[in-house]
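Okay, so here's the structure we're looking at.
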Amino acid sequence: MDKRSLVKYGLIFLVLVMVPVVRPSDYWMNIIILSGVYVLLGEGLNIIVGVNGQFVVCHAAFYGIGAYLSALLTLRLGLPFWLNLPLAGTLAALVGAGIGYVCNRFRGHYVALVTLSFGVIVYEVMLNWLDLTRGPMGLINIPPPEPVPLGVYTFDFTSRIDYYLLIVVLVALCIASAHRLIRSRIGRALLAIREDDLAAEIQGININKYKIKAFVLGAWWAGIAGSFYAHYAGIIVPGTFSFLTSVEILVIVIVGGLGSIWGVLISAILLTFLPEFLRSIEFLRWIIYGIVLMVMIIFMPTGIAGIGRRIRVPIFWRSTAKEPAN
Amino acid sequence: MTLLDVREISKLFGGLAAINEVSFVLERGEICAVIGPNGAGKTTLFNLITGVYRLDGGEIVFSGKKLNGLKPHQITEYGIARTFQKIRLFTNLTVAENVRIGQHCRTKAEVIAALLRGKKTRAEEKAIEEKTRELLSFVNLDNKRNELARNLAYGEQRHLEIARAMASDPALILLDEPSSGLNPHETDELMDRINLIRNQGITIILIEHDMNLVMGGTDHIIVLNFGEKIFDGPPTACQRDTEVIKAYLGQEYAVCSN
Amino acid sequence: MGVIFEQFIHGITTGSAYTLMALGFTMVYGILGIINFAHGELYMIGAYIAYYLCLKLGLHYLLSIPLAMAGVAVLGILIEKIVFRPLRGAPGLSMLTVSLGLSIALLNTALIIFSPDPRIFNSPYNFIFLKLGGINISLQRILVFAIAIGLIISLYFLINRTSLGKAIRATAQDFEVAWMLGINPNRIARYTFIIGSALAAAAGVLIIPILSLEPFVGENAILKAFVVVVVGGFGSIPGAIVAGYLIGFVDSLTAGFFSPNYQNMACFLIMILTLLVKPTGIFGESTEENI
Chain A
272 MDKRSLVKYG
282 LIFLVLVMVP
292 VVRPSDYWMN
302 IIILSGVYVL
312 LGEGLNIIVG
322 VNGQFVVCHA
332 AFYGIGAYLS
342 ALLTLRLGLP
352 FWLNLPLAGT
362 LAALVGAGIG
372 YVCNRFRGHY
382 VALVTLSFGV
392 IVYEVMLNWL
402 DLTRGPMGLI
412 NIPPPEPVPL
422 GVYTFDFTSR
432 IDYYLLIVVL
442 VALCIASAHR
452 LIRSRIGRAL
462 LAIREDDLAA
472 EIQGININKY
482 KIKAFVLGAW
492 WAGIAGSFYA
502 HYAGIIVPGT
512 FSFLTSVEIL
522 VIVIVGGLGS
532 IWGVLISAIL
542 LTFLPEFLRS
552 IEFLRWIIYG
562 IVLMVMIIFM
572 PTGIAGIGRR
582 IRVPIFWRST
592 AKEPAN
Chain B
203 MTLLDVREIS
213 KLFGGLAAIN
223 EVSFVLERGE
233 ICAVIGPNGA
243 GKTTLFNLIT
253 GVYRLDGGEI
263 VFSGKKLNGL
273 KPHQITEYGI
283 ARTFQKIRLF
293 TNLTVAENVR
303 IGQHCRTKAE
313 VIAALLRGKK
323 TRAEEKAIEE
333 KTRELLSFVN
343 LDNKRNELAR
353 NLAYGEQRHL
363 EIARAMASDP
373 ALILLDEPSS
383 GLNPHETDEL
393 MDRINLIRNQ
403 GITIILIEHD
413 MNLVMGGTDH
423 IIVLNFGEKI
433 FDGPPTACQR
443 DTEVIKAYLG
453 QEYAVCSN
Chain C
15 MGVIFEQFIH
25 GITTGSAYTL
35 MALGFTMVYG
45 ILGIINFAHG
55 ELYMIGAYIA
65 YYLCLKLGLH
75 YLLSIPLAMA
85 GVAVLGILIE
95 KIVFRPLRGA
105 PGLSMLTVSL
115 GLSIALLNTA
125 LIIFSPDPRI
135 FNSPYNFIFL
145 KLGGINISLQ
155 RILVFAIAIG
165 LIISLYFLIN
175 RTSLGKAIRA
185 TAQDFEVAWM
195 LGINPNRIAR
205 YTFIIGSALA
215 AAAGVLIIPI
225 LSLEPFVGEN
235 AILKAFVVVV
245 VGGFGSIPGA
255 IVAGYLIGFV
265 DSLTAGFFSP
275 NYQNMACFLI
285 MILTLLVKPT
295 GIFGESTEEN
305 I
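Taken in sequence, the protein lines are chains A, B and C.
In terms of the numbering used here, the first sequence is residues 272 to 597.
In terms of the numbering used here, the second sequence is residues 203 to 460.
In terms of the numbering used here, the third sequence is residues 15 to 305.
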C-alpha cells in the first residue's frame, strides 16, 4: 500500500477509534450511527445511479423491505438477527433484481417513473397491509441483536458503542466491496453502460444482465441497512421509508458525486450531521436540501468529488469520480 | 475462405425498404469498402450485421454461424467489432479504461471473483493491462492512457475507438467512416494502420466517402444505392461502372480519376 | 344506479383537474424538454393564493381564479429564468433533479408559511346543489368541469390559431431550427411556463374546494400528473386530455368501490401496466434511436 493510502486509512482509523474513547452523548452517538446507515444506503444507490447511470428513486423501498423482513422474522418467527441480516439483504436484492428486470427496457426518465411508482406502491402496502405491518403504527419492540461473545468482551448491544462497532464493520465491508467492484471488470462494465449503453453492448457487454446486477448490488446494501436500522431503533414505521427518504439518499449520492465512493461517504456523513445543527426548524432543513440540490446541479454537477479533483487535495481524492452522463 | 456471407437481407422502416435483398460475401483477410450516396443504407447495413437492427428478411452467416436474431453483445463475442460514424467513446472514462472495457467479452471475472480478487483474477487483470498497453501503443496513445477520452483530439479519439474495437479480438472489424474529420496526413496514417490490422489477420469492412482511400486502399468494393447493391467487385472495375456513375452523379460523368 | 352516476360525476370532476395539471406539465415537457417536478407545488400555491384572496381580501371566488393563475404564472416566469434557463441543453435528468430540489424547497417554504394544518377552502358553489339523475351535485363540480373545458378550448385556439401558438409548435418540433429561424427561445420558454403554471394553478383553485387545502396536496397532484402523462403520452396534448379523464375515473371508482386508501396504488398500477404494454402511452410516438 502506497504512502498516500496509508495516511488516508490511518487517519480514518484514528477517527474511528476516537469515538468510543471520547464517549459522546447518546444523542451524538445516535447521529453517528445513523450516518453509518446513510453511508450504506448512499453507497448502495451510488452503484445503481452513480456507477451504472440508472436514475432510481425507490431506494427507500429496498431499505424498508429489508427492515420489515428482519423485524417480522424476529417478531413473528423468533429468528435471530444475525440470520435476518443477510436474509434482509437477500430479499431486497431479489426485489431489486425484479425491478431491474422491469427497468431493462426503459431509459432515462422512464426508469425514474417506474421506480417512483414502485416506491409509492411499496409504501402504500406498508401503510395498508395492517395484518402484516400494523400500518401507520408500525412495528415496535423489535429486539436488539443477540449477544456475540468475542473473547474478553461480549457484544450485548446494551450500549450504543456495540451498535457503533457493528455499523463500522458493515460500512467497512460495504466500502471495501464497492472499491473492489468498481475497479474490476464488473465495475468497468457498469460504467460503460452509464457512459453509452449502445456502445457498451457493441463492445460485448450484456447490458441487461449488468443493469440488473447493479440493482442487486445496490438493493442488497439497502436491505442490510434496513435490517440493522430495525434492530437498532427498535421501532419502524412506513414514514421512514417514503419517497422523501429516497430523495434524501439520492441527494447524498448527487452531492457526493456520481460514482465516487469517497464523495458519497463524506456526503452521507455531512448530510446526516448538518441537519442536527439546523434542528431548530425541521422544514428549514428541507428548504436548504432543495436549494443545495438545485445549486449543485446548476453549478457543481460533479459534486464533492469534483471539488477534490479540481483543487487537487492531496490525500483524499483519486479520480474515479465521474460527471453525470451527458 | 469465406468469412461473412450476407444472403438477401432486407430491412424495412415503416414500409420503406432501407435495405432491399442485399447479398455479398467477404473473404478472410480482405479490406472491403461500402460506398454510396447518403441515405443509401450503409450504416443500416452495419447495424444489421452487428445486431443493432433486426433483419426483416434474409440471413447473415459468419464463420459458418447464423447471426439472425442475436443480440449485439453476442455477435461481438462471435468476433465482429465496430466503430461508429459519430464517435461513441466512453467519454468520462480514461483512454486506458476504454480499451480495458473493450476486452470485456474475452475475460471472465464476475462479481464474486471481483470481490475476492484471487490469483486467477489478478492474473486476468494483469493480462488485460498488457493487452491494453499493446493496443494503445499500436495507435500511438500509450502516453495518454490516463487522459479522459473526451480530452483527446478528434483524430486521436477515432484511433482510440479503433483500439477499443480491436480489444475484443475480432475476426472482422466494421469501420463506419473512419476518415471523416481527418486531414490528408491523418488519413494516410489511418490507411497504414488499417493495413497493419489486416496483416494481423483481421478482415476489415469500412464505410467511406474518401475516394482516394477507397480506390487506392481496398481490395473489394460494394456500392449501395437506395438500399440496393448496384456494384460488387474490385476498385478498378468500379470506376468504370455506369450504374455507379449514374448513382453518384446522375449523369454521364466519370468518377474523378486519382 | 345512483351510486355509479355519482362516481361518474366525481370522476369527471377529478378528471378535469388532472387534465389541467397534465396539460401544463406535458406542455412544458413537449416544448422545452423539461420534466418539472415542482409542477405540483404550482398547483398548491395557486390554491393558497386563491384561498387568501377570498379569505383576507373578501374577493369573490370566481375572481380569485384568474388572479391566482396570474400570480402563479409570474412565479413560473421566475422559475424558468432562474432555475431552468441556466440548464438549457442539459440532459433531462438534470432537469428532473433540479426540479426535485425546487419542489422540496417550495413545499417546505409553504409548510413554514402556511403551517401543515389542513384548511377548508370553501367556494360559494360548494353549497349550491343541482338535482341530476336522482342525486345532488354541487355546483362547484359543474363549475370545475365547465371551466376546465373552457381552458382546454382556449388552449386549442392559442396553440392552433395564433402566431404565438405557431411559434410554440415550431419550437416543440425542433428547438434549434426554430431558433435559427428567428424564434426567440427565451420568449417561448417564458410563455410555455406561463401557460403551464397557469393551468396548474387553475387546477388547484378549482378542485381544492372539493378536497382540503394543505401544503402536501402538490405531491399527490404531481404523482397523478405523472401517471396521466405516461398513460397519455409524454408531450401529447390529446393524450393529457384523454388520460386525464381516464385516471380521474380510475381514481373515483377505486375510492367509491374499494377504498380511498387504494387510489394511489390503483393509479400507479395503471402506470406500470402502460409502461409494460405500450411505454409511449396512448398518443405517444415511439422513438427510433439514430445511430
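By construction, the Cβ of each residue, glycine as well, lies at the ideal position given by its N, Cα and C atoms.
Count the other CB atoms, across all protein chains shown, that sit within 10 Å of the CB of residue i; report buried if there are 16 or more and exposed otherwise.
i      : result
A:W492 : buried
B:L214 : exposed
B:E379 : buried
B:T204 : exposed
A:I582 : Its pLDDT being 37, under 50, A:I582 is placed unreliably by the model, and the measurement read from it follows with that caveat. By the neighbour-count rule (16 or more Cβ atoms within 10 Å), A:I582 is not buried but exposed.
A:G494 : buried
A:M567 : buried
B:E445 : exposed
A:D433 : buried
C:Q307 : A query on residue 307 of chain C cannot be resolved here, the shown segment of chain C reaching from 15 to 305 and no further.
C:F163 : With the sequence shown as reference, residue 163 of chain C is identified as Ile, and Phe is not the correct amino acid for it. That one is exposed.
A:V286 : exposed
B:I314 : exposed
To the nearest angstrom, report how far apart residue i and residue j are at their CA atoms.
i      : j      : result
C:A104 : C:T123 : 27 Å
C:L157 : A:A449 : 57 Å
C:G298 : B:Y356 : 37 Å
B:F248 : C:I261 : 44 Å
B:R168 : B:L295 : Because chain B here runs from 203 to 460, residue 168 of chain B falls outside it and cannot be looked at.
C:F272 : C:P130 : 28 Å
B:A298 : B:F340 : 13 Å
B:V254 : A:I457 : 23 Å
A:K274 : A:W533 : 18 Å
A:F428 : A:C329 : 31 Å
A:H380 : C:L107 : 6 Å
C:G232 : C:L125 : 12 Å
A:F512 : A:G497 : 9 Å
C:L116 : C:M83  : 19 Å
Between residue i and the ligand MN, is there a pair consisting of the residue's CB and a ligand heavy atom that are separated by less than 7 Å?
i      : result
B:F248 : No copy of the ligand MN appears in this structure; indeed no ligand is present at all.
Compare the C-beta of residue i against all C-beta atoms of chain C and say whether one is closer than 8 Å.
i      : result
A:A383 : yes
A:I319 : no
A:S388 : yes
Kindly indicate if chain A contains any beta-carbon less than 8 Å away from that of residue i.
i      : result
C:E302 : In this prediction, C:E302 scores a pLDDT of 46, lower than 50, which makes its location untrustworthy; no coordinate-derived value is stated.
B:H275 : yes
B:R319 : yes
B:I303 : yes
So, does the CB of residue i fall closer than 8 Å to a CB anywhere in chain B?
i      : result
A:G579 : Reliability of the predicted coordinates at A:G579 is poor, the pLDDT of 49 falling under 50, and the value obtained from them is presented with this limitation in mind. A:G579 does not count as touching chain B.
A:I484 : Per the sequence shown, the amino acid found at residue 484 of chain A is Lys instead of Ile. Yes, its Cβ sits closer than 8 Å to a Cβ of chain B.
Segment contact flag, the stretch 215-232 of chain C with the stretch 54-64 of chain C, C-beta cutoff 8 Å, min 3 pairs:
yes
Under 8 Å (Cβ pairs) to chain C, residues found in the stretch 369-381 of chain A
V373, R376, F377, G379, H380 and Y381
Can you confirm whether the stretch 403-416 of chain B touches the stretch 368-382 of chain B when touching is taken to mean that 3 or more C-beta pairs between the two stretches lie within less than 8 Å?
yes
Under 8 Å, CB to CB, which of the residues in the stretch 275-287 of chain C have a partner in chain A?
N275, Y276, N278, M279, F282, L283, M285 and I286
Could you tell me whether the stretch 417-429 of chain A touches the stretch 362-370 of chain A, where touching means 3 or more Cβ pairs closer than 8 Å?
no
Please identify, using Cβ separations under 8 Å, the residues of the stretch 111-126 of chain C that lie next to chain A, in order along the chain.
T111, V112, L114, G115, L116, S117, I118, A119, L120, L121, N122, T123, L125 and I126
Taking 8 Å as the cut-off, does the stretch 342-362 of chain A touch the stretch 451-467 of chain A (at least 3 CB pairs, one atom from each stretch)?
The stretch 451-467 of chain A makes no contact with the stretch 342-362 of chain A; the number of CB pairs closer than 8 Å stays below 3.
Against chain C: residues of the stretch 505-521 of chain A by CB proximity under 7 Å
V518
Which residues of the stretch 557-571 of chain A have a Cβ closer than 9 Å to any Cβ of chain C? Give them in chain order.
W557, I558, I559, Y560, G561, I562, V563, L564, M565, V566, M567, I568, I569 and F570
For the stretch 390-405 of chain A, enumerate the residues whose C-beta is nearer than 7 Å to any C-beta of chain C, in chain order.
V391, I392, E395 and N399
Contact set between the stretch 459-493 of chain A and chain B, restricted to residues whose Cβ is under 8 Å from the partner:
R459, A460, L462, A463, E466, D467, L469, A470, A471, E472, I473, Q474, G475, I476, N477, I478, K484 and L488
Kindly confirm or deny that the stretch 82-96 of chain C and the stretch 239-249 of chain C touch, where touching means at least three C-beta pairs closer than 8 Å.
no
Quick one, which residues of the stretch 321-345 of chain A are near chain C if we go by CB-CB under 7 Å, in chain order?
F326
Under 8 Å: do the stretch 556-571 of chain A and the stretch 110-121 of chain C share three or more Cβ pairs, one atom per stretch?
Below 8 Å, enough C-beta pairs join the stretch 556-571 of chain A and the stretch 110-121 of chain C to call them touching: three or more.
In chain order, what residues of the stretch 42-53 of chain C put their CB closer than 8 Å to some CB of chain A?
I49
Tell me, please, whether the stretch 325-333 of chain B touches the stretch 258-271 of chain B by the rule of three or more beta-carbon pairs shorter than 8 Å.
no
The stretch 25-39 of chain C touching the stretch 203-216 of chain C, judged by at least three CB pairs closer than 8 Å:
yes
Sufficient close CB pairs (3 or more, under 8 Å) joining the stretch 461-479 of chain A to the stretch 297-308 of chain A:
no
Residues within the stretch 442-458 of chain A neighbouring chain B, beta-carbon criterion of under 7 Å
Cβ contacts with chain B come from S448, R451, L452, S455, R456 and I457.
Just checking, does the stretch 318-327 of chain A make contact with the stretch 512-531 of chain A on the three C-beta pairs under 8 Å criterion?
yes
Are the stretch 211-227 of chain B and the stretch 382-394 of chain B touching, with three or more C-beta to C-beta distances below 8 Å?
no
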